[in-house]
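Trainee: Add 23 to the 1-based position in the sequence shown for the numbering used here, that's all there is to it.
Think of the CB as a built atom: it goes at the ideal place given N, C-alpha and C, for glycine as much as any other residue.
This is the structure I have questions about; it appears just below.
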Amino acid sequence: MQAWGGPGATPGLHLASSAGWVPRGEAALLIRNGARFSEIDLKTGVHAAAATISLEKTLTVCSLYLPPNSTVSKLSQA
């Protein structure tokens with residue numbers, strides 16, 4: 024995952040993305056600056072971003088992008 028502060032950056036938030044900022048086809052998480060988090064490096068053929076975030080509780084969150092007309096059987100072979 025890449026952190027990006029480029030075009031479209033939102034003040035006060037960290038952007039964790041599967042490939043940085045692109046206009047289409049990527050997964051991303053916006054995490055509040057100052058929040059404790061650890062990005063998870065996913066070894067997958069799909070566009071996904073994941074992180075463990077510690078707030079009042081510790082949560083693991085994943086964002087997944089599936090292109091239009093994709094099926095799970097096609098993605099599992101990627």
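1) Taking residue 34 as the reference, which of 57, 41 and 49 has the closest Cα?
2) So which of 85, 80 and 37 has the shortest CA-CA distance to residue 74?
3) Would you tell me roughly how many angstroms separate the C-alpha atoms of residue 55 and residue 90, rounded to the nearest one?
4) Give me the Cα-Cα distance between residue 93 and residue 76, rounded to the nearest whole angstrom.
5) Once the 5 residues before and after residue 49 are set aside, which same chain residues still bring their CB inside 7 Å of it?
6) Alpha carbon to alpha carbon, what distance is there between residue 81 and residue 101?
Mentor: Looking at the coordinates:
1) Checking every option, the nearest Cα to that of residue 34 belongs to 57.
2) 85
3) Taking the Cα positions, residue 55 is about 27 Å away from residue 90.
4) 29 Å
5) 40, 41, 42, 70 and 88
6) Model confidence at residue 101 stands at a pLDDT of 47, short of 50, so the residue's coordinates are unreliable and nothing is read from them.
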